[in-house]
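Undergrad:
Residue numbers (the numbering used here), protein chains in the order written: chain A, 146 to 315; chain B, 10 to 112.
1. Does the separation of the CB atoms of residue 103(B) and residue 36(B) fall below 8 Å?
2. Starting from the C-beta of residue 26(B), find all residues in its chain whose C-beta is less than 7 Å away, skip the five residues before and the five after it, and write them out in chain order.
3. Report the start-end ranges of each alpha helix (DSSP H) in the region 191-249 of chain A that is 4 residues or longer and not cut off at the edges.
4. Got a sec: is the Cβ-Cβ distance from residue 22(B) to anything in chain A below 8 Å?
5. In this structure, what does DSSP give as the bridge partners for residue 267(A)?
6. So, is the C-beta of residue 245(A) closer than 8 Å to a C-beta in chain B?
7. May I ask you to list, following chain order, the residues of the region 45-70 of chain B that have a beta carbon less than 8 Å from some beta carbon of chain A?
8. Along chain B, in chain order, which residues have C-beta atoms closer than 7 Å to that of residue 262(A)?
9. Just the chain B side, please: which residues come within less than 7 Å of residue 275(A) by C-beta, in chain order?
10. Within 10 angstroms of the Cβ of residue 156(A), are there 16 or more other Cβ atoms? Answer buried if so, exposed if not.
11. Between the alpha carbons of residue 17(B) and residue 167(A), how many angstroms are there, rounded?
12. For residue 105(B), which of 32(B), 21(B), 10(B), 24(B) has the nearest alpha-carbon?
13. To the nearest angstrom, how far is it from the Cα of residue 278(A) to the Cα of residue 200(A)?
14. Please list, in chain order, the chain B residues whose beta carbon lies closer than 7 Å to that of residue 208(A).
15. Does residue 106(B) get closer than 8 Å to chain A when you measure Cβ to Cβ?
16. Under 8 Å, with one C-beta from each stretch per pair, do the region 184-201 of chain A and the region 218-237 of chain A reach the 3-pair mark?
17. Judging by CA-CA distance, which residue of 306(A), 154(A), 161(A), 212(A) is the nearest neighbour of residue 97(B)?
Below, the structure is given as structure tokens:
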């Protein structure tokens, strides 16, 4: 399971993910930023596969790479070209220092804590079947609440952009 | 050899890049992109814990990340609808110029 190919794939995907996330922060055009964000999502999906979470990787590709990115591209294209600037606020440097400090604290805690690691890690034979059983046995209530949340979010989104609601009449 | 700490470091770096994007962008869609990056970092942590930490039912970490993805999808739909509605109202989605709630 833990052979060199998986390790090499992990680090290559780490470089792709973090590099395209940094490009999201620096690139000027908002469309390009969304395209780099998609690349970053694909990289995270690959990381899930190397961590033996194949079902979550497929869900990541379907939801993030498929749905959320298309939603973002549509939101950008519904606003004209002048609204496509990916500029930062004038005081970006202290924000960068703050974000770096937060990351440093998280890394420090991650190395400081004594994690209760399993010997050789947990390897999953079939994740989809196990996740399905977990969703229908210990997690039934959250599962149902999530479906209600999705319906409410869908209704809210439709209501917000319906012509004649809010602002001018479409 | 991939270890738990490596995954946690990658997730921490991804989280801080997402935090920077979410705090520093002026465009509402840019802020949303930062939030999505942070949620991805959290999911990566959960998957790493499910893979490496001892637990009676290790699949729970993956179930949690499925729930996080669900909430992220709902949040993105509502936030982008808000962005389009705000654009119709103000002809701009620059959050610096959004002061209609100001007293």
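Ideal Cβ placement from N, Cα and C applies to all residues, glycine included. Bear in mind the structure is a predicted one, so any value in this text is a computation, not a measurement.
TA: Based on what the coordinates show:
1. As a first step, residue 103(B) is located in the second chain; it is residue number 94 there, counting from the start. As a first step, residue 36(B) is located in the second chain; it is residue number 27 there, counting from the start. Yes. Within cutoff.
2. In the second chain, the residue the question calls residue 26(B) occupies position 17. Correct list, in chain order: 46.
3. 199-205, 214-222
4. Translated into positions along the second chain, residue 22(B) becomes position 13. With 8 Å as the cut-off, residue 22(B) counts as an interface residue toward chain A.
5. Stepping through the first chain from its first residue, residue 267(A) is reached at position 122. Bridge partners of residue 267(A): none, in fact.
6. Within the first chain, the letter at position 100 stands for residue 245(A). At least one chain B Cβ lies under 8 Å of residue 245(A).
7. 45, 46, 49, 52, 53, 56, 57, 59, 60, 61, 62, 63, 64, 66, 67, 68, 69
8. The residue labelled residue 262(A) in the question sits at position 117 within the first chain. 13, 61, 62, 63, listed in chain order.
9. Position 130 of the first chain, counting from 1, holds the residue named residue 275(A). Result: 68.
10. Counting from one through the first chain, the residue named residue 156(A) turns up at place 11. That one is exposed.
11. By one-based count along the second chain, residue 17(B) stands at place 8. By one-based count along the first chain, residue 167(A) stands at place 22. Roughly 18 Å between the two C-alpha positions.
12. By 1-based counting over the second chain, the position of residue 105(B) is 96. It is 32(B).
13. For this step, residue 278(A) is matched to residue 133 along the first chain. For this step, residue 200(A) is matched to residue 55 along the first chain. Between residue 278(A) and residue 200(A), the C-alpha separation is close to 13 Å.
14. As a first step, residue 208(A) is located in the first chain; it is residue number 63 there, counting from the start. What residue 208(A) touches in chain B: 78, 82.
15. Here residue 106(B) refers to the residue found at position 97 when the second chain is read from its first residue. No, its Cβ sits nowhere closer than 8 Å to a Cβ of chain A.
16. no
17. Looking up residue 97(B) in the second chain gives position 88. Checking every option, the nearest Cα to that of residue 97(B) belongs to 306(A).
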